[in-house]
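Counting along the sequence shown from 1, when you hit position 211 you're at 570 in the working numbering, and nothing is skipped either side. Remarks on the structure that follows.
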Amino acid sequence: MFTLPPIAHTTKSRPNRPLYEKPYHIPDEKYQDFWADIYNFLFAIDMPLPVRDKELDTCINEAYGYFGYRVHPVTKEAKYFHAGLSFDLSHEDAVYPLRDGILEYAGYGAANGHYILISHPDIVTEDGYVFHTMYCHLKKPLVSFSSYQKMLREISLASYPIIPVTTETKLGTASVSGLSRDNHPGLYLQCSFRKMDTPPIVIDPYRMYTNEIKENTTRDIISAKDIEKIYTN
360 MFTLPPIAHT TKSRPNRPLY EKPYHIPDEK YQDFWADIYN FLFAIDMPLP VRDKELDTCI
420 NEAYGYFGYR VHPVTKEAKY FHAGLSFDLS HEDAVYPLRD GILEYAGYGA ANGHYILISH
480 PDIVTEDGYV FHTMYCHLKK PLVSFSSYQK MLREISLASY PIIPVTTETK LGTASVSGLS
540 RDNHPGLYLQ CSFRKMDTPP IVIDPYRMYT NEIKENTTRD IISAKDIEKI YTN
């Protein structure tokens, strides 16, 4: 098990949160050195990409695929804070966990589409957070709880039954479920530290694979005219 330092005091609320989205926190740039150490640790673990046989940057649209501010490709909302990494893929592309873990949820959300949430209890913090990964816009979850198992999970406060997954467990395939672009199958990957009854702390997945910090090319675009140009070209 890996135990990281306390992280709650090094975060801030996600900016420009739409009312339809749940609150979460992001790393505070005032603690950039602290978070650089966290990312360096995650980089050293050498987690595989969720889609195999792909080069990271060839799958990411530089206009809106990276973590941080962007123009939302579906709603066209300016200064939308993207809390993960979006992969442009094909319908046949299979999705796998970044790391062995435990299934926490498999279901459907209006924005995320079909998605799966996995906890990785071998990576924790001293203030009680556990590392999680979430895989969204799947065609359908290939790993899930039965109705009876869901009932048991509710009774046991999500402690039973335990369904383990490995990096070889196929979670699903890329698709367009939820709030995604028509005819553009993809995967939205979110990485976070979670603690019960506390907003998740969402981090930049890209920095788990490289020492670079990438920003979306649409991050500073705010005029409706300029936004329209982007999506008509």
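Cβ atoms here follow ideal geometry from the backbone N, Cα and C, with glycine treated the same way.
Answer with buried or exposed for residue i, where buried requires no fewer than 16 other C-beta atoms within 10 angstroms of its C-beta.
i: Ile366; result: buried
i: Asn542; result: exposed
i: Ile562; result: buried
i: Ser551; result: buried
i: Ser518; result: exposed
i: Pro559; result: buried
i: Asn570; result: exposed
i: Thr525; result: exposed
i: Ile397; result: buried
i: Ser478; result: buried
i: Gly384; result: According to the sequence provided, residue 384 is His. The question's Gly does not apply to it. His384 comes out buried.
i: Phe400; result: exposed
i: Tyr507; result: exposed
i: Leu516; result: exposed
i: Tyr379; result: exposed
My understanding is that residue i touches residue j, with C-beta atoms under 8 Å, so please give their C-beta distance in whole angstroms.
i: Ala437; j: Ile581; result: 4 Å
i: Pro364; j: Leu444; result: Between Leu444 and Pro364 the Cβ distance is about 24 Å, and since that is not below 8 Å, they are no contact.
i: Ser336; j: Pro382; result: Residue 336 lies beyond the range of the chain shown here (360 to 592); nothing can be said about it.
i: Arg429; j: Thr577; result: 5 Å
i: Ser534; j: Pro544; result: 5 Å
i: Ala469; j: Thr532; result: Ala469 to Thr532, Cβ: 20 Å. No contact.
If you measure between the beta carbons of residue i and residue j, is that distance less than 8 Å?
i: Thr409; j: Leu511; result: Here residue 409 is Pro; the residue named in the question, Thr, does not match the sequence. No.
i: His491; j: Arg553; result: yes
i: Val502; j: Leu462; result: yes
i: Tyr423; j: His441; result: yes
i: Glu574; j: Tyr425; result: yes
i: Thr528; j: Pro456; result: yes
i: Tyr590; j: Leu415; result: no
i: Trp394; j: Thr369; result: yes
i: Ile586; j: Lys435; result: yes
i: Ile419; j: Phe402; result: no
i: Arg458; j: Met406; result: yes
Assess, as a yes-or-no matter, whether the segment 489 to 505 is touched by the segment 468 to 478 under the definition of 3 or more beta carbon pairs within less than 8 Å.
yes
List in chain order: all unbroken beta strand (DSSP E) runs of 3+ residues lying wholly within the segment 440 to 513.
444 to 447, 460 to 468, 472 to 484 and 489 to 497
Using 8 Å as the threshold, is the segment 482 to 490 in touch with the segment 526 to 540, meaning 3 or more CB pairs across them?
no
Taking the runs of the alpha helix (DSSP H) that are 4 residues or longer, which of them lie wholly in the segment 382 to 435?
391 to 404
Just list the beta strand (DSSP E) runs in the segment 523 to 585, keeping only unbroken ones of 3 residues or longer that don't cross its boundaries, in chain order.
545 to 554 and 557 to 562
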